[in-house]
Amino acid sequence: MNQGFILNSFWDDSKPHPLEIYGTSTQGPFLLRFNNQEPLFFVGKGSSIPQDIGHIREKDISLRTFEGEPVKALYFDRLQKLYEGREKLSQKGIRSYENDIRPESRFLMERFVNGSLAFSGDYEMQGKLKVYTNPQVKAEWFRPELSVLSLDIETGMDGSLFSVGLSYFGPEKERDIVFMRGDADTQLDDLCHVKPSEKELLEKTVEFINEIDPDYIVGWHVVGFDFKFLDNKARKYGVQLNIGRDGSQLELQERNNMFYANIKGRVILDGPPLLRSNFFSFKNMKLDTVANEVLGLGKDISATGKEKVEEIERRFREDKASLAFYNIEDCRLVHQIFTKLDIYNLIHARSMFSGQQIDKVGISTMAFDHFFLPRLHRKGYVAPNVLDMAREEHSAGGMVIEPVAGLYRDVAVFDFKSLYPSIIRTFSIDPYSRLKSEVNPVKTPSGIKFSSSENILPSFLEELGNKRSKAKENNNQALSQAIKILMNSFYGVMGSPRSRFYHSDLPTAITTTGHWILNQSISFFDNLGLKVVYGDTDSLFVKLNGGEDVEKMAGDLNYYLSQIISDEFKCSSKLEVEFEKKFEQIFFSSARGSDQGAKKRYVGYSKGQMSFVGMEYVRSDWTELAKDFQYSLFERLFIGEPLEQFIKSEIKKLESGVYDKKLIYTKKLSKGLDEYTKSVPPHIKAARLLPLEKQKRLRSIRYVITKSGPRPASENKDQPDYHHYIEKQIKPVAQTVLQGQGLNFDDIHTGNQLSMF
Numbered sequence: 000m001n002q003g004f005i006l007n008s009f010w011d012d013s014k015p016h017p018l019e020i021y022g023t024s025t026q027g028p029f030l031l032r033f034n035n036q037e038p039l040f041f042v043g044k045g046s047s048i049p050q051d052i053g054h055i056r057e058k059d060i061s062l063r064t065f066e067g068e069p070v071k072a073l074y075f076d077r078l079q080k081l082y083e084g085r086e087k088l089s090q091k092g093i094r095s096y097e098n099d100i101r102p103e104s105r106f107l108m109e110r111f112v113n114g115s116l117a118f119s120g121d122y123e124m125q126g127k128l129k130v131y132t133n134p135q136v137k138a139e140w141f142r143p144e145l146s147v148l149s150l151d152i153e154t155g156m157d158g159s160l161f162s163v164g165l166s167y168f169g170p171e172k173e174r175d176i177v178f179m180r181g182d183a184d185t186q187l188d189d190l191c192h193v194k195p196s197e198k199e200l201l202e203k204t205v206e207f208i209n210e211i212d213p214d215y216i217v218g219w220h221v222v223g224f225d226f227k228f229l230d231n232k233a234r235k236y237g238v239q240l241n242i243g244r245d246g247s248q249l250e251l252q253e254r255n256n257m258f259y260a261n262i263k264g265r266v267i268l269d270g271p272p273l274l275r276s277n278f279f280s281f282k283n284m285k286l287d288t289v290a291n292e293v294l295g296l297g298k299d300i301s302a303t304g305k306e307k308v309e310e311i312e313r314r315f316r317e318d319k320a321s322l323a324f325y326n327i328e329d330c331r332l333v334h335q336i337f338t339k340l341d342i343y344n345l346i347h348a349r350s351m352f353s354g355q356q357i358d359k360v361g362i363s364t365m366a367f368d369h370f371f372l373p374r375l376h377r378k379g380y381v382a383p384n385v386l387d388m389a390r391e392e393h394s395a396g397g398m399v400i401e402p403v404a405g406l407y408r409d410v411a412v413f414d415f416k417s418l419y420p421s422i423i424r425t426f427s428i429d430p431y432s433r434l435k436s437e438v439n440p441v442k443t444p445s446g447i448k449f450s451s452s453e454n455i456l457p458s459f460l461e462e463l464g465n466k467r468s469k470a471k472e473n474n475n476q477a478l479s480q481a482i483k484i485l486m487n488s489f490y491g492v493m494g495s496p497r498s499r500f501y502h503s504d505l506p507t508a509i510t511t512t513g514h515w516i517l518n519q520s521i522s523f524f525d526n527l528g529l530k531v532v533y534g535d536t537d538s539l540f541v542k543l544n545g546g547e548d549v550e551k552m553a554g555d556l557n558y559y560l561s562q563i564i565s566d567e568f569k570c571s572s573k574l575e576v577e578f579e580k581k582f583e584q585i586f587f588s589s590a591r592g593s594d595q596g597a598k599k600r601y602v603g604y605s606k607g608q609m610s611f612v613g614m615e616y617v618r619s620d621w622t623e624l625a626k627d628f629q630y631s632l633f634e635r636l637f638i639g640e641p642l643e644q645f646i647k648s649e650i651k652k653l654e655s656g657v658y659d660k661k662l663i664y665t666k667k668l669s670k671g672l673d674e675y676t677k678s679v680p681p682h683i684k685a686a687r688l689l690p691l692e693k694q695k696r697l698r699s700i701r702y703v704i705t706k707s708g709p710r711p712a713s714e715n716k717d718q719p720d721y722h723h724y725i726e727k728q729i730k731p732v733a734q735t736v737l738q739g740q741g742l743n744f745d746d747i748h749t750g751n752q753l754s755m756f
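When we follow numbering that gives the first Met the number 0, the leftmost residue of the sequence shown carries the number 0, and every step to the right adds one.
In structure tokens, the structure reads:
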């Protein structure tokens with residue numbers, strides 16, 4: 000049998016073979032198409048189904064609902080008829096089950112196909128594509144070498160298309176090309192090919208993509224900007240963007256001010272959303288910023304705003320070869336970032352373990368469905384529809400032990416490795432074991448029962464945990480991270496009312512057990528004469544007395560918890576406590592406007608290195624002024640230097656204009672500018688001062704506060720309001736530290752010491 004990796008799949012009612020699975024193999028790209036699959040859902044076995052529902056047949060099956068009612072399957076020849084049928088049944092008060100599972104998803108999950116497969120059958124060639132009709136398919140683990148094309152366009156202020164950069168990275172070759180608009184049809188050099196019209200740029204781009212035939216097309220805002228722009232131009236000139244592997248067009252859709260794109264047989268990887276969905280964070284998501292942080296490289300044009308646009312316009316007029324270099328460098332940067340962060344391996348591993356195709360690996364509810372539904376069916380049950388779930392009360396979150404604000408020395412951090420997955424394994428928690436809770440029951444500390452013998456998820460989590468340990472031993476960070484993301488997502492799905500498997504007992508059992516474990520651990524440390532100064536969900540911060548063997552302490556706590564769990568609940572503990580690190584000093588911040596300690600806000604110090612959690616230094620909504628000031632302030636606090644003179648000096652520098660470039664706020668816009676009517680915050684006032692063209696689809700704004708009010712950073716020529724920055728950026732950061740030292744910011748700033756007497 001052939002082996003292949005799935006790139007995407009579709010169901011298209013208009014085709015004679017509506018189910019299509021596109022992928023790539025060592026023999027090249029392929030399409031598996033089927034006309035022998037029928038969309039289906041389930042209804043109660045005793046339901047009388049009217050003839051006008053549109054189904055083609057009914058079948059009795061040996062499955063039942065969660066309530067124990069036997070069901071039968073209704074089959075349809077078209078997906079649209081299924082949608083119409085489920086609506087008619089709903090109107091008649093007849094309940095259906097799993098009517099929201101797409102047929103292409105059901106086809107793969109019921110065969111336990113996760114990301115890759117094996118297939119056999121006859122094929123015909125369609126261009127470079129091998130097309131198989133109704134092949135035999137089975138699950139198979141396979142990893143091919145995938146080819147990447149990075150795409151970037153340059154445009155003018157007048158809305159014209161200057162150039163299209165295309166950088167290809169394949170297993171056997173690499174190739175760069177830039178199609179540039181100019182006066183004649185010529186080639187400036189090996190890189191830059193000049194074409195006399197926008198229409199020809201589009202046609203050459205389509206031709207090149209189909210010739211080079213990539214698996215991935217990557218870029219930076221490539222969907223919402225590049226493809227959207229190219230699609231608009233293509234419509235204007237009547238050019239077909241036929242870049243699908245079957246010759247189909249690029250599909251571009253807008254939903255909730257977001258753009259989504261599909262290309263049959265190819266996967267689009269868009270930098271910012273891809274990095275966010277894989278839990279990477281940066282100062283901001285500009286290509287230049289991320290390239291600097293990840294690669295230590297910058298873009299060829301370092302200017303921003305108006306100056307950047309003017310330089311691009313100048314190069315287009317006077318130095319097209321230089322613009323082509325800038326264009327292709329942006330293409331290369333995206334691929335280099337993905338390679339450095341090991342994104343390609345990470346998303347492949349996530350696809351292989353979650354069963355979701357590359358562009359959907361971040362949708363955890365779909366991943367849980369893919370894993371759980373076929374196994375539930377083999378246990379004899381069908382699941383409800385997502386929209387039919389009762390929205391019950393939410394469970395409590397993770398336990399937080401709030402700290403007393405201030406500075407502490409010698410604090411050890413103990414971490415529960417994968418706490419929630421460990422709780423699920425220990426107490427056999429999953430939707431199926433809840434249904435079977437009377438069979439060999441086990442109770443959680445809160446008294447919720449599950450079956451210790453009839454369950455699905457615990458053994459899978461154990462398997463994942465073992466694979467993650469092996470991946471870590473082999474230093475396979477991408478695989479380890481992919482497994483960690485999947486394991487942690489399962490609790491989130493069971494605790495989400497958007498899941499078809501939601502029941503309040505599931506998240507409640509997990510979180511209350513987590514609370515119980517932390518409380519038992521606090522008692523353990525109390526018995527040793529040690530105080531837990533802070534705790535949050537799966538970690539405890541313990542003030543040491545000096546001389547303790549922290550590694551042994553972690554082992555002793557593991558044994559202590561396993562004995563209690565065995566004695567009280569007759570379970571085998573899967574918990575694992577690790578000594579994570581020791582802070583020589585740690586500062587817990589107070590809540591704003593209070594003397595009480597704040598959760599998730601602290602700065603730790605060890606071996607000359609500082610760790611900031613939840614502080615202004617790591618938050619995107621504070622200025623560089625505040626971040627740099629906070630970093631330097633804590634440096635001095637931890638090494639014992641006086642703070643007063645430093646604060647005075649920083650204020651003086653601020654007022655003299657030294658820090659003018661650090662005064663920019665960055666805010667995201669949650670809605671359109673015209674939707675702010677009752678209350679208009681400063682960033683909206685600034686955004687409304689931008690030229691109208693820049694206001695369109697604005698998602699974030701960089702602005703400064705001046706004596707004339709908020710101004711867009713790119714347009715501002717007014718003097719900053721230094722008093723504002725002292726009161727809103729310097730003072731809050733400083734006062735957090737000063738109040739623990741018995742000092743007051745206003746006294747230091749104004750020189751007034753009266754309040755001290």
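From the three backbone atoms N, C-alpha and C, an ideal C-beta is built for every residue, glycine too.
If you compare alpha carbons, which of the options is closest to residue i?
i, options, result
"S195", "N743, L160 and T735", "The question names Ser, but residue 195 is Pro in the sequence shown. Checked all of N743, L160 and T735; the closest Cα to P195 is L160."
"D59", "P69, D51, I52 and Q50", "P69"
"K80", "L62, R56 and K71", "R56"
"T443", "A508, H722 and G405", "A508"
"L30", "L88, N133 and K307", "N133"
"C191", "K198, E202 and F178", "F178"
"E66", "I484, G607 and Y96", "Y96"
"E171", "S162, E144, A382 and T154", "E144"
What does the Cβ neighbour count give for residue i, buried or exposed, with the cut at 16 atoms within 10 Å?
i, result
"I638", "exposed"
"D745", "exposed"
"N474", "exposed"
"T185", "exposed"
"D189", "exposed"
"Q629", "buried"
"K677", "exposed"
"F75", "buried"
"Q356", "buried"
"T23", "buried"
"H220", "buried"
"I747", "buried"
Only counting the same chain, and skipping five residues up and downstream in sequence, which positions put a Cβ closer than 7 Å to that of residue i?
i, result
"L116", "G3, I5, V136, K137, A138 and E139"
"I700", "K666, L668, H682, A685, A686 and P711"
"I758", "Past the edges of the chain, shown from 0 to 756, lies residue 758, and the structure says nothing about it."
"H514", "M398"
So, at 8 Å on beta carbons, what are the nonlocal neighbours of residue i in its own chain, with the 5 sequence-adjacent residues on each side left out?
i, result
"E292", "F281 and K282"
"L672", "I683, A686, R687, Q694 and L697"
Rounded to a whole number of angstroms, what is the C-alpha to C-alpha distance between residue i and residue j?
i, j, result
"I758", "E317", "Outside the displayed range of the chain (0 to 756) lies residue 758, so it cannot be described from this structure."
"G84", "E692", "46 Å"
"M108", "I100", "10 Å"
"A348", "Y21", "18 Å"
"A411", "I585", "10 Å"
"N1", "F449", "42 Å"
"G613", "T425", "32 Å"
"G656", "A625", "15 Å"
"K542", "L653", "38 Å"
"S427", "L505", "11 Å"
"R77", "P383", "22 Å"
Tell me the residue span of the alpha helix (DSSP H) that contains residue i.
i, result
"T512", "D504 to N526"
"N557", "V549 to F568"
"R275", "G270 to S276"
"K44", "From DSSP, K44 is part of no alpha helix (DSSP H); its letter is neither H nor E."
"E674", "Run containing E674: none; DSSP gives neither H nor E here."
Can you tell me where the beta strand (DSSP E) holding residue i begins and where it ends?
i, result
"Q125", "Y122 to Q125"
"T132", "L128 to T132"
"V531", "K530 to D535"
Determine, using beta carbons only, whether residue i comes closer than 9 Å to chain B.
i, result
"L456", "Here chain B cannot be found, since the structure has a single protein chain."
Ignore the nearest five residues each way along the sequence and tell me which others in residue i's own chain have a CB closer than 6 Å to its CB.
i, result
"K298", "D287"
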